[in-house]
Amino acid sequence: MKFVKRQKDLCYFFPKSFNLKNIKFQKLKIMYGIVNKAIQGLVKENFGEDAWEKVKLKSGVAHNSFLSNESYPDEETFKLAGAASEVLNLPLEQVLIAFGEYWVLKTGLEHYGSLMRSGGDNLKEFLVNLPNFHSRVMLIYRNITPPEFRISDIENNSLQFHYYSQRQGLKYFVYGLIQGLGKMYKVSVKTTIIKSREDGYDHDIFFVSW
Ligand code: HEM
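Numbering (the numbering used here), first residue to last: 456 to 665.
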């Protein structure tokens with residue numbers, strides 16, 4: 456399956472010590488339904504309607520559909536991601552990476568194309584502008600609990616990408632978002648996680664080169 460093969464290629468960059476059991480999801484509050492809707496789209500488009508029905512059943516999430524601008528407990532999003540991993544027999548980090556790519560290439564570009572394109576003319580510009588991105592998103596989704604980003608060590612073809620969040624467990628989603636942005640700008644990106652909250656650091660740091 457093309458989708459699985461591509462994700463396997465990405466795994467090449469994971470540290471050898473990576474262990475799925477280290478991933479901890481933190482219960483927070485609520486997330487706009489657009490996020491669950493994207494998980495639904497990712498599963499249906501790549502694996503079909505039946506797979507989605509199984510994921511929904513396994514997750515215990517009762518809704519048949521999600522409204523983009525309604526709020527749902529974070530827990531539901533994490534349950535859907537976990538159930539997708541079990542039903543599709545894919546490691547959770549691969550599901551999160553695929554979800555990050557989908558978020559940029561489908562949810563972002565297809566539904567919010569002008570907002571995405573306003574982020575910059577190339578990958579470097581987009582990443583350098585990223586710390587302000589969700590303040591524009593908040594004009595549409597007023598009550599989000601947005602992530603925070605900081606960019607440092609900017610060179611011609613690389614930078615360090617700092618991710619702060621009130622939520623825990625979304626590091627590989629961010630990894631996938633960066634891969635998706637590379638595809639959006641048609642550049643080959645290599646991302647390495649150099650510091651992680653799982654190792655006691657207060658945020659995650661990615662080294663991104665292109
Ligand atoms: C038009 C494009 C985008 C829209 C409409 C959007 C919207 C949202 C929304 C509604 C949430 C849920 C937050 C909540 O309900 O509290 C969210 C979360 C998030 N977004 Fe975006 N976003 C966009 C692009 C991006 C991009 C380009 C990135 C990074 C490269 C990004 C990174 C994240 C992350 C990491 C989260 C999880 C929140 C957390 O860590 O606490 N988003 N976004």
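Think of the CB as a built atom: it goes at the ideal place given N, C-alpha and C, for glycine as much as any other residue.
Have a look at residue i and residue j and give me their C-alpha separation to the nearest angstrom.
i: G631; j: G555; result: 4 Å
i: L578; j: L585; result: 10 Å
i: P546; j: A553; result: 11 Å
i: V663; j: V644; result: 7 Å
i: N519; j: I606; result: 39 Å
i: Q495; j: I599; result: 20 Å
i: V542; j: E525; result: 26 Å
i: H589; j: D505; result: 34 Å
i: Q634; j: E548; result: 14 Å
i: G488; j: S523; result: 4 Å
i: S453; j: V592; result: Residue coverage of the chain in this structure runs from 456 to 665, which leaves residue 453 outside it and unanswerable.
Spatial neighbours of residue i within its chain, please: CB distance less than 8 Å, with the 5 preceding and 5 following residues excluded, ordered by chain position.
i: D608; result: L614, Q615
i: Y640; result: N577, L578, F581
I'd like to know whether the C-beta of residue i is nearer than 9 Å to at least one C-beta of chain D.
i: L625; result: The structure shown contains no chain D, having only a single protein chain.
Just to confirm my understanding: we take residue i, look at its own chain, exclude 5 residues before and 5 after, and list those with CB closer than 6 Å. What are they?
i: T532; result: M486, V490, N491
i: H617; result: R605, H658, I660
Leaving aside the five residues before and after residue i along the sequence, list all residues of the same chain whose C-beta is less than 7 Å from its C-beta, in chain order.
i: K513; result: A538, E541, V542
Quiz item: Can at least three beta-carbon pairs, one atom from the region 649-664 and one from the region 560-568, be found at a separation below 8 Å?
Solution: Verdict: no, contact absent.
Quiz prompt | Those runs of the alpha helix (DSSP H) which lie wholly inside the region 554-635 and span at least 4 residues | solution = Complete alpha helix (DSSP H) runs here, min 4: 568-572, 578-584, 588-592.
Quiz item: Are there three or more Cβ pairs, one per stretch, closer than 8 Å when the region 653-661 is compared with the region 580-596?
Solution: Counting Cβ pairs under 8 Å, fewer than three are found: no touch.
Practice problem: Give, in chain order, every unbroken run of the alpha helix (DSSP H) that is at least 4 residues long and sits entirely within the region 484-556. | Solution: Uninterrupted alpha helix (DSSP H) stretches at least 4 residues long and entirely within the region 484-556 occur at 488-502, 504-514, 529-543, given in chain order.
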